[in-house]
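A short write-up of the structure that comes next.
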Amino acid sequence: MTVCSGTLLLADAGLLEGRRCTTHYALIEQLQAKAPQAKVQSDCIFTEDGRYLTSAGISTGIDTMLYWLTRACGHSLALAVAREMVLYLRRSGQEPQLGAWLEGRNHVDERLHRVQDAICAAPSQTWRVETLATQAAMSERHFRRQFKNLTGMLVGDYIMGLRLQRAKALMTETTWMLARIAEASGFGDERQLRRNWARQEKAPPSAWRRSSSQTLRN
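For my numbering, add 15 to where a residue sits in the sequence shown, where the first one is 1.
Right, here's the structure in full:
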């Protein structure tokens, strides 16, 4: 198991030929140069190929460890470890390195970062714009304008993106029915999940789930 630039060590040792692997997005080209026969992935946070696990960065190394722990010792123990480490979110590995959890964070307004941190910690919670504006110590009108100017998206779209990402994680980590996933990720019901899903994905949830499961097995 490697974390971040540690994948380059496997490449130097000639262990990645023909294998799926990843590293930090800033090192992808370097990894491709070191291991030209490897199947370098730049669109995920960790990969598994045989007995090799490679991850994209420091925090994704924790996701990789929890994934391995789930495989080796079961979901209950991995969940207990995540709780002990005070991790509010486990990622499945299929998320893009610069996905929904980092989108809209390239600004320096600490008030908005606090609001975004709160939403990320509990994306399934009911978030009202007036409540978020109060938390940011802004008027609702100013909060909406500031959020759009600094993140490039509307507040509602930001929350929906996080919920969709959470739904995708649950679809790859669990065998739950779509209705349960919709409730756990904050959509309320399956119809709302499907409606918002169609705004971002061409394939329906069932097809996406089969494809993601196949990718993990491969």
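Glycine included, each C-beta is placed from N, C-alpha and C at the ideal position. Just so you know, these numbers come straight off a predicted model, no measurement behind them.
Residue i lies in the beta strand (DSSP E); which residues open and close that run?
i      : result
Leu169 : Taken as a continuous stretch (DSSP letters only), Leu169 belongs to no beta strand (DSSP E), as it is neither H nor E.
Tyr67  : 67–70
Glu198 : No beta strand (DSSP E) holds Glu198; the alpha helix (DSSP H) holding it covers 193–199.
At which residues does the alpha helix (DSSP H) containing residue i begin and terminate?
i      : result
Leu31  : Segment: none, Leu31 is in no alpha helix (DSSP H) and carries neither H nor E.
Glu125 : 125–136
Asp78  : 73–88
Thr62  : Here Thr62 belongs to no alpha helix (DSSP H); instead the beta strand (DSSP E) covers 61–64.
Val18  : Unbroken run through Val18: none, as it is neither H nor E.
Arg143 : Here Arg143 belongs to no alpha helix (DSSP H), and DSSP marks it neither H nor E.
Glu44  : 43–49
Asn211 : 205–212
Please identify the residue among the options whose C-alpha is closest to the C-alpha of residue i.
i      : options                       : result
Leu169 : Gln45, Met186, Arg143, Ala182 : Arg143
Ser7   : Val55, Ala182, Thr189, Gln215 : In this structure the chain extends from 16 to 233, so residue 7 is not present and cannot be described.
Glu145 : Gly171, Asp132, Gly89, Thr38  : Gly171
Ser139 : Gly33, Leu84, Phe202, Arg34   : Phe202
Phe158 : Val130, Ala184, Glu99         : Val130
Counting only the same chain and skipping the five closest in sequence on each side, list residues whose C-beta sits under 8 Å from that of residue i.
i      : result
Asp124 : Gln161, Leu165
Ile73  : Val18, Cys19
Under 6 Å Cβ to Cβ from residue i, same chain only, skipping five residues before and after it: list those, please.
i      : result
Glu205 : Leu193, Ala194, Ala197
Lys217 : none
Asp64  : Arg34, Arg35
For residue i versus residue j, is the C-beta spacing smaller than 8 Å?
i      : j      : result
Tyr82  : Cys36  : no
Leu127 : Ala151 : yes
Met153 : Thr79  : no
Met175 : Ser227 : no
Ile134 : Leu177 : yes
Leu42  : Leu24  : no
Thr38  : Thr69  : yes
My guess is that residue i and residue j are in contact by the Cβ rule of under 8 Å, so how many angstroms apart are they, rounded?
i     : j     : result
Ala71 : Phe61 : 6 Å
Ala50 : Leu31 : 4 Å
Take residue i and list the residues in its own chain whose beta-carbon comes closer than 7 Å to its own, dropping the five residues that flank it on each side.
i      : result
Cys167 : It should be noted that the sequence gives Gly, not Cys, for residue 167. So the qualifying residues of the chain are Gly119.
Lys163 : Leu169
Are any of the Cβ atoms in chain C nearer than 8 Å to that of residue i?
i     : result
Tyr40 : Included in the structure is just one protein chain, with no chain C present.
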